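Following: one structure in structure tokens, then a few remarks.
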Amino acid sequence: MNNKPLHSIKFLFTIFVFSIFDFFVTTLFQDILLTPLFFDTIFMIAALFIFGPIAAFFEYVIFNTLISLKLYIFTGSTEHIFIYIVSALSIITITWIFIRKKENLTKGINTTFLYILTASILAGFVCAVVSGTVTTIDYYLCAKTLNSNHIFDQIIYAFMDKHNNFLTTAIIGRIPVTILDRIITTFAGFGIYKLYNKFIQGKQKH
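For the sequence shown, the working numbering gives the first residue as 16, with consecutive numbering after it.
Shown next, in the form of structure tokens:
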């Protein structure tokens with residue numbers, strides 16, 4: 016019996032559920048708790064560990080669509096949020112470079128910790144540069160209006176003076192928060208990956 020269609024359905028269902036989870040986690044931490052951290056890629060990283068980069072990108076596109084719909088319904092604008100998909104691509108690419116060889120994640124706790132920590136820090140730095148650049152393009156070319164309620168817009172307001180241009184401020188202001196966000200979300204995604212392998216993949220093998 017060919018189980019590929021069934022496996023495809025399970026795969027698509029899992030990716031969709033992961034996107035829903037990212038949506039609710041992001042809504043909780045950004046809209047309700049008003050934290051400076053995003054927490055919007057926990058399940059994207061889990062998808063990266065479990066299925067690979069294409070699945071992770073697909074998960075983020077669905078998540079981004081849900082966020083865009085929410086923004087449009089409640090504010091009448093999507094705030095050009097789709098252009099930040101390039102930030103997710105940078106995260107996926109850098110993280111995948113480190114975790115694509117799963118054997119590197121089974122060489123002991125210390126080695127696994129260092130691999131994930133290094134991937135998180137580098138991905139956070141690259142993401143800060145990419146996102147800061149995108150914000151600058153959005154600001155100058157798309158006439159984005161800074162929102163004093165957004166944490167990074169507050170940082171831009173605070174740091175912008177005659178010594179700092181918009182691009183520099185948009186990047187520097189993101190680096191510490193983005194790296195911390197990446198460390199937390201990457202380890203959380205790895206934890207979900209381990210739970211998935213134990214309780215879902217393990218059951219499918221029996």
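Ideal Cβ placement from N, Cα and C applies to all residues, glycine included. This one's a predicted model, so the numbers in the text were calculated from it and none came from an experiment.
Residue i, buried or exposed, once every other Cβ within 10 Å from all chains shown has been counted against 16
i: Gly-91; result: exposed
i: Val-144; result: buried
i: Ser-23; result: exposed
i: Asn-125; result: exposed
i: Ile-131; result: buried
i: Phe-113; result: buried
i: Gly-123; result: exposed
Start and end residues, alpha helix (DSSP H) containing residue i
i: Asp-5; result: With the chain covering 16 to 221 only, the question about residue 5 has no answer from this structure.
i: Leu-63; result: 57–66
i: Phe-54; result: No alpha helix (DSSP H) contains Phe-54, which DSSP labels as neither H nor E.
i: Leu-182; result: 181–187
Closest Cα partner of residue i within the set the options
i: Ala-134; options: Ile-107, Ala-185 and Gly-123; result: Ile-107
i: Ile-77; options: Ile-131, Leu-210 and Phe-33; result: Phe-33
i: Ser-105; options: Phe-97, Ala-61, Phe-140 and Leu-49; result: Phe-140
i: Leu-195; options: Thr-148, Ala-138 and Phe-72; result: Ala-138
i: Thr-41; options: Phe-53, Ser-83 and Thr-183; result: Phe-53
i: Phe-89; options: Asp-46, Ile-190, Lys-25 and Thr-56; result: Asp-46
i: Leu-156; options: Ile-190, His-95 and Lys-116; result: His-95
i: Phe-28; options: Pro-51, Gly-188, Glu-74 and Ser-102; result: Glu-74
i: Pro-68; options: Tyr-211, Phe-214, Ala-103 and Thr-93; result: Ala-103
i: Leu-210; options: Ile-30, Val-101, Phe-64 and Asp-37; result: Phe-64
i: Gly-147; options: Arg-115, Tyr-99, Thr-121 and Ser-83; result: Tyr-99
i: Ile-152; options: Ile-207, Phe-181 and Phe-202; result: Phe-181
i: Leu-129; options: Ile-30, Phe-202 and Ile-60; result: Phe-202
i: Thr-183; options: Ile-198, Phe-26, Phe-205 and Val-149; result: Val-149
i: Phe-97; options: Gly-123, Leu-81 and Thr-110; result: Leu-81
i: Arg-115; options: Phe-39, Ala-62, Phe-26 and Ile-190; result: Ala-62
Secondary structure of residue i, DSSP reduced to three states
i: Asp-196; result: helix
i: Ser-92; result: coil
i: Asp-46; result: helix
i: Lys-116; result: coil
i: Thr-121; result: coil
i: Phe-205; result: helix
heavy atom of the ligand NAD below 7 angstroms from residue i C-beta
i: Ala-185; result: Among the ligands in the structure shown, none appear at all, so the ligand NAD cannot be discussed.
Proximity test, Cβ basis, 8 angstroms: residue i and chain B
i: Val-192; result: Considering every chain present, this structure includes no chain B. It has just one protein chain.
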